[in-house]
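The structure appears below as structure tokens.
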Amino acid sequence: MKKVLLAAVFLAGFTYSSAQETPKTESKEDKDLMTWYHKDFATSKVYGVNTENAYKFLESKGLKPKTVVVGVLDSGVQVDHPGLVKNMWSNPNEVPNNGKDDDGNGYVDDVHGWNFIGGKNGDIDIDNMEVTRVVAKYKPVFEGSNSTQNKANQAKMKEEFEMYMKSKELFTKKSVDARQSFQRYSMINESIPEMVKILGGKPLTAETVKNKKPSTQQEAAALEILSIILNNPEYAGKPATEVESKLKEEMKEALDHFGPMAKQYDINYDPRAEIVGDHYDDYSEKIYGNNHYEGPDATHGTHVSGIIAGSPQGSEIQYGVASKVAKIMTVRTVPNGDERDKDVANAIRYAVDNGAKVLNMSFGKPVSPGKNVVWDAFKYAEDKGVLLVKAAGNENEDVAEHLAYPTNFKNITDEAPFVNNVMVVGASTNKNDALRADFSNYNKKMVNVFAPGDQIYSTVTKGKYEYLQGTSMASPVAAGAAAVLLAYMPNLKPAQIIESLVKTSNLSSSNEFGEKSQAGGVIDVKKAAEYAYANFYDGKSNTKKTKTVKKSRPAKRSVKK
């Protein structure tokens, strides 16, 4: 679910922001801003991750990289994006588009990955929020027509009842908020023609609107909105045509967000059976889905992938932290709504079984009916030596008080996570006096590190680039950093990678930033490389004497299905 930034409309004290990424409107000509997250803090005093110096240090030690496959569990990826196509993983044992499961892994034509939220009838776009699914499933169980049976169920199923009550509270509040927001922005959108009429071709100034006397309710509403946006520099003084264009653009963005919420919070809406066709409640089922890597909207996953392994192309200078060493495996898991636990667990196992050594998971939700299945997948990845990198979440909350599943703590009172291969990442900015992004979740024990997640320029669909922000962007910065360390020192274990990044982060005590994560700072890949080399490198892997790793064959251009 995307975060929409409405820069101008503050109706009735209302501003909108959700818990995901925000499109940013910075000038695409600012090349310094495009790559700020790679900067060296020691020389620039900007909390970047020191990408280039990390490569220089590792190469100075005579190390040569081995390709690291990074699984991106997300909304999908445009695999033929010009900035990604060279760094897409290709399954070496699968013949593209022959309709056969050549490698015998159960997934037909999985050349660049797999899609667990699709089927023979298409792909899931909008899906429910998890609280909606919980309310739909358990309301008849706990609040049915038989009060005696209700009480018996509540006593017998205490954990499920607790989850139901939490979900019911969130469902009630958020469904009302979504409906009211949709109505509010619909009203503003419908008022645009009246606003244009009031301006009469003149720029938006106080003089233009102050003497207007509304004769209808519609005119009154339009005047009120114009008076509000007049206080915003993005609108004040602008020509009527520009005001109209910008309002239409922002209202479309808002309506595109709030419109789907009617389905996300509809307990009777369930596209799963018709489209995917699996037995959803059967968590042991693993073979379903299709190879539609992009899906209906792969903006989020494509942006994440570019942060990890994007390559400069044409006039675009954007590059990922691990662009020199990583290949992206796309595992489509996240719809426009909440991811389902069954899909998350299967996506983790698929990526692990097919060679990914780092998995990025830029998603989360407040309740998790199938958390045990996901935790089993976490343990499976740990046993296979695979690092899981997870976004902390964007609610500006302490995650010990507001869990964001999947979590590596089974209970918030536990002193340590139940697995040692999960790194949780908060989002930092390029502003030293406001280093923690104001949306980022935090906790001294449960968030390991912070990484740049504000004003991040990267690849998006249709071959384009955009600035986005969120812990969804910080997580792949850290995943890319981990891939760099692992490429040059392949003996490193997940816990050693996490320790290296935690213990070498560039610290800050500004605004109690040091108390917001285990590291107390922002990761520095070069310093982490030095620490890992000194403390964990076995001295045997990947020296100059090692033969050059054979490059995987170029990724095939994929047609969106």
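Taking mature numbering (1 follows the signal peptide of the UniProt record, and there is no 0), I'd label the letters of the sequence shown as residues -19 to -1, 1 to 542. Where is the CB? At the ideal position from N, CA and C, for every residue including glycine.
Top-ranked residue by Cα proximity to residue i, from the options
i, options, result
"K308", "Q130, V465 and D82", "V465"
"V315", "D104, G80, V66 and V92", "D104"
"N335", "R321, V367, A201 and D324", "V367"
"F431", "K244, I107, I504 and K391", "I504"
"N271", "H19, I98 and N86", "I98"
"M342", "E376, H281 and A397", "H281"
"K26", "N411, Q245, N424 and E511", "N411"
"I248", "G502, F152, A136 and N424", "F152"
"G502", "A408, I478 and K346", "A408"
"residue 551", "K191, K371 and E320", "This structure cannot settle anything about residue 551, because the visible part of the chain is limited to -19 through 542."
"N472", "V58, K338 and G52", "K338"
"G444", "D322, S292 and D419", "S292"
"D357", "K81, N402, K507 and S56", "N402"
"V312", "V60, T32, K37 and K193", "V60"
"P252", "S304, R114 and A509", "R114"
"S481", "Y145, E493 and L467", "L467"
"F517", "I479, G434, G495 and V306", "I479"
"M144", "A117, D519 and N127", "A117"
"N170", "E140, D237, D108 and S126", "D237"
"E33", "N72, N74, A509 and F239", "A509"
"E447", "V285, Y264 and N429", "V285"
"Q245", "L340, V112 and M232", "V112"
"Q164", "G87, K12 and F239", "F239"
"D435", "D419, E266, V506 and E234", "D419"
"N429", "G276, A476 and S128", "A476"
"S208", "Y469, L14 and T186", "T186"
"P347", "M110, V58, T48 and M15", "M110"
Limits of the beta strand (DSSP E) - the one that residue i falls within
i, result
"Y448", "K445 to L449"
"D55", "V49 to D55"
Alpha helix (DSSP H) segment containing residue i, residue limits
i, result
"V116", "E111 to F123"
"F431", "That residue, F431, is in no alpha helix (DSSP H); its beta strand (DSSP E) goes V430 to P433."
"N96", "First-last for N96: G94 to N96, but that is the beta strand (DSSP E), not the alpha helix (DSSP H)."
"P457", "T452 to Y469"
"T24", "F22 to S25"
"S41", "T32 to S41"
"H238", "A221 to F239"
"D13", "K12 to M15"
"Q198", "Q198 to I210"
"K191", "A187 to K191"
"S128", "S128 to K137"
Exposed unless 16 or more other CB atoms sit within 10 angstroms - verdict on residue i
i, result
"P220", "exposed"
"L180", "buried"
"Y268", "For the record, residue 268 in the displayed sequence is Ile; it is not Tyr. That one is exposed."
"G218", "exposed"
"K352", "buried"
"N327", "buried"
"T394", "exposed"
"L488", "exposed"
"A515", "exposed"
"D91", "buried"
"D259", "buried"
"P174", "exposed"
"D324", "buried"
"I298", "exposed"
"V380", "buried"
"K497", "buried"
"Q499", "buried"
"Q161", "exposed"
"R534", "Any reading at R534 needs caution, since the residue's pLDDT is 38, under 50, leaving its predicted position unreliable; the model's value is listed next. Under this definition R534 is an exposed residue."
"K391", "exposed"
DSSP beta-bridge partners of residue i
i, result
"F359", "Looking at the DSSP assignment, F359 forms no beta bridge with any residue, so it has no partner."
"S439", "E447"
"G502", "L488"
"L151", "Per DSSP, none; premise fails for L151."
"V403", "L369"
"N341", "V53 and V370"
"A408", "A432"
"I107", "N317"
"Y386", "K346"
"D379", "Y423"
"G495", "Answer is none; G495 lacks a bridge partner."
"N271", "N96"
"R417", "S409"
Chain B within 9 Å of residue i, Cβ atoms only
i, result
"Y166", "Any reference to chain B falls outside this structure, which holds one protein chain only."
Scan the stretch 242 to 267 and note each continuous beta strand (DSSP E) run of 3 residues or more that stays entirely inside, going in chain order. none
Sequence ranges, alpha helix (DSSP H) only - wholly within the stretch 277 to 329, length at least 4: The qualifying runs are 280 to 290.
Complete runs of the beta strand (DSSP E) confined to the stretch 68 to 96 [at least 3 residues]: Under the rule that a run must span 3 or more residues, the beta strand (DSSP E) segments found entirely inside the stretch 68 to 96 read 94 to 96.
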